[in-house]
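Some notes on the structure that comes next.
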Amino acid sequence: MERRKVIKGIAAAAGMAWVSPRISALGLDQISVEKSSFGIPIRGLSNKGGKLVQPIQLTVEHAGTDATLVVRVDHQKVENRVLSPGTHTFNVYVDPVETARQMLIEYEIAGKSESAEVRVEPVRKLLIFILPHSHHDLGYTDLQSNVEEKQMANISRGIELARNTADYPPGARFVWNLEVLWGADLFMRTKTEPERQELISAVKKSWIGLNGMYANELTGLCRPEELLQLFR
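Below you can see the structure in the form of structure tokens.
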């Protein structure tokens with residue numbers, strides 16, 4: 039307990055910002071969230087009309103009748119909307135910053151005004167790949183026979199979705215990945231000849247992705263070091 043108090047004291051003296059555990063769990067480490075009465079900077083980017091912008095989340099309480107809210111960031115108007123009575127949470131957007139900087143947030147509504155400073159941090163850009171696949175846990179989550187039925191249905195459904203999106207732009211087409219070769223093997227052993235040919239065709243068209251091990255590991259996501267360890 040004493041150690042925790044010392045660490046908290048050091049953090050307070052250094053001006054360290056609070057980090058939400060929920061945000062930290064997403065892997066967005068070192069996110070500065072300086073609390074104000076109504077504004078929280080979000081360390082992320084949004085695409086608005088083809089332009090990358092950085093959000094600041096505002097929470098504004100308004101009593102009385104509907105009124106027009108005006109929000110300014112560093113004295114430049116960024117938001118103009120009508121608020122009904124109640125508590126409203128929404129985002130305003132600023133140009134992405136290259137280095138950390140303080141921004142002055144001000145709002146006015148029905149004769150009421152408030153201001154606060156928030157520290158906006160730069161965002162490291164990430165390219166995120168989405169990989170649709172089903173996890174192979176034969177008998178862990180259901181009876182083996184039920185899992186087999188579900189996995190076979192997944193392959194058929196994956197082929198159907200890939201066919202329906204085949205004309206989409208590259209990168210937007212659906213691809214179903216078999217985590218292990220067991221599913222493809224069972225499909226080829228139990229399905230009709232037309233269905234087997236459909237699977238072979240889907241693999242050739244890259245609608246279905248095959249991985250390198252029979253019973254475990256999604257090898258398509260493995261680093262070289264992991265592959266060496268798996269196949270040693």
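In this note's numbering, the protein residues as written are 39 to 270. Glycine is no exception: its CB is placed at the ideal position from the N, C-alpha and C atoms.
Worksheet item: Is it right to say Glu263 is buried, meaning 16 or more other beta carbons lie within 10 angstroms of its own, or is it exposed?
Response: exposed
Discussion item. Rounded to the nearest angstrom, what separates Gln140 and Glu152 at their Cα positions?
Written reply: 17 Å
Worksheet item: Are the beta-carbon atoms of Gln95 and Val161 separated by less than 8 Å?
Response: no
Worksheet item: Which residues mark the beginning and the end of the beta strand (DSSP E) in which Thr97 is found?
Response: 89-100
Worksheet entry | 8 Å contact criterion, which Val272 and Asn118 should meet: CB distance rounded | For residue 272 there is no data in the structure shown, the boundaries of the chain being 39 and 270.
Item to complete: Kindly give me the distance between the Cβ atoms of Ile143 and Val158, rounded to whole angstroms, as I take these residues to be in contact under 8 Å.
Response: 10 Å between Cβ atoms; not a contact.
Worksheet entry | Three-state secondary structure assigned by DSSP to Leu107 | strand
Worksheet item: In whole angstroms, what separates the C-alpha of Leu265 from that of His173?
Response: 18 Å
Worksheet item: Hey, how far is the Cα of Lys242 from the Cα of Gln235?
Response: 11 Å
Item to complete: Please name the residue or residues paired with Lys188 in a DSSP beta bridge.
Response: For Lys188, which the question treats as bridged, DSSP gives no partner whatsoever.
Worksheet entry | Helix, strand or coil at Ala138 according to DSSP, with G and I counted as helix | coil
Item to complete: Would you kindly report the start and end of the unbroken alpha helix (DSSP H) that includes Thr230?
Response: Per DSSP, Thr230 belongs to no alpha helix (DSSP H) and is neither H nor E.
Worksheet entry | Inter-residue Cα distance where the pair is Ala253 and Pro134 | 46 Å
Worksheet item: Looking at the structure shown, is Thr127 part of a helix, part of a strand, or coil, going by DSSP?
Response: strand
Practice prompt. Could you round the C-beta distance between Ile193 and Phe225 to whole angstroms and report it? I think they count as a contact, below 8 Å.
Written response: 5 Å
Discussion item. Measuring straight from C-alpha to C-alpha, what distance separates Ala138 and Pro79?
Written reply: 11 Å
Worksheet entry | 8 Å Cβ shell around Pro123 - same chain, five flanking residues per side excluded | His100, Ala101, Gly102, Thr103, Asp104
Worksheet item: Exposed or buried, what is Tyr206 when buried is set at 16 or more other beta-carbons lying within 10 Å of its beta-carbon?
Response: exposed
Discussion item. Let me check one thing: in DSSP terms, what residues is Ala154 bridge-paired to?
Written reply: Ile143
Worksheet entry | Glu117 - DSSP class collapsed to helix/strand/coil | strand
Worksheet item: Under the DSSP definition of a beta bridge, which residues are partnered with Ile78?
Response: Gln95
Item to complete: Just the C-alpha distance for Glu231 and Ser239, rounded to the nearest angstrom, thanks.
Response: 12 Å
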